[in-house]
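Enquirer: After the structure tokens below, expect a handful of questions from me.
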Amino acid sequence: MKINKTFVIVVVLIISGFLIWKQTSSFDLKTDTQNNVVQTDELTTIKLSSLQNGDYTPKTVKVKLGTKVRIEADPNTLTGSMGRLIIDGYELTKDITPESNVLEFIADKPGQFRMHCANNMGNGTLIVK
1 MKINKTFVIV VVLIISGFLI WKQTSSFDLK TDTQNNVVQT DELTTIKLSS
51 LQNGDYTPKT VKVKLGTKVR IEADPNTLTG SMGRLIIDGY ELTKDITPES
101 NVLEFIADKP GQFRMHCANN MGNGTLIVK
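Letter by letter, the sequence shown follows residues 1 to 129 of the UniProt record's numbering.
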């Protein structure tokens, strides 16, 4: 009887440890419709717009290294200097217009990258890992 209890406790601890390790070590791919981000293994689609305070929404986006990123910018809120999206570190610039509001690239550099407008006001962060 004592061996059975010990065996059950050991098995429960091993399974619990594995589940905790797996949860903390995996990259969290998800659909976050509240923040307008949809992620799969190959593609992250971001619906980018501007808040009244000049920040981008979503403010921070995490993407998986090596995946394609598609930013669909809202030309109705990204106007004036906010209509130019710049992603530092990737040397990407996109002028947002109603006719041309999509920026696509491969997230091939790990790290944190600032997203901003032409006047360095619109702020957001792209995290690639």
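Yeah, the Cβ is synthetic: ideal placement off N, Cα and C, and Gly gets one too.
#1: Are the CB atoms of T77 and S50 nearer to each other than 7 Å?
#2: By alpha-carbon positions, which one of R70, Q39, H116 ends up nearest to G54?
#3: Does the separation of the CB atoms of L65 and P110 fall below 7 Å?
#4: Could you tell me the boundaries of the beta strand (DSSP E) in which T93 lies?
#5: Thinking just about the alpha-carbon of each residue, which of Q39, N4, V10, V128 is nearest to the one in G89?
#6: Once you ignore the five residues that flank K47 on each side, which residues in its own chain have a CB closer than 6 Å to its CB?
#7: Give every residue of the same chain whose Cβ lies closer than 6 Å to the Cβ of V63, excluding the five residues on either side of it in the sequence, and list them in chain order.
#8: Decide if T40 is buried, meaning its Cβ has at least 16 other Cβ atoms within 10 Å, or exposed.
#9: If you drop the 5 nearest sequence neighbours on each side, which residues of the same chain put their C-beta closer than 7 Å to that of I87?
#10: Where does I14 land, buried or exposed, given buried means 16+ other C-beta within 10 angstroms?
Expert: Once the coordinates are examined:
#1: yes
#2: H116
#3: yes
#4: 92 to 95
#5: V128
#6: N36, E72
#7: T44, V69, A107, V128
#8: exposed
#9: F113, M115, L126
#10: exposed
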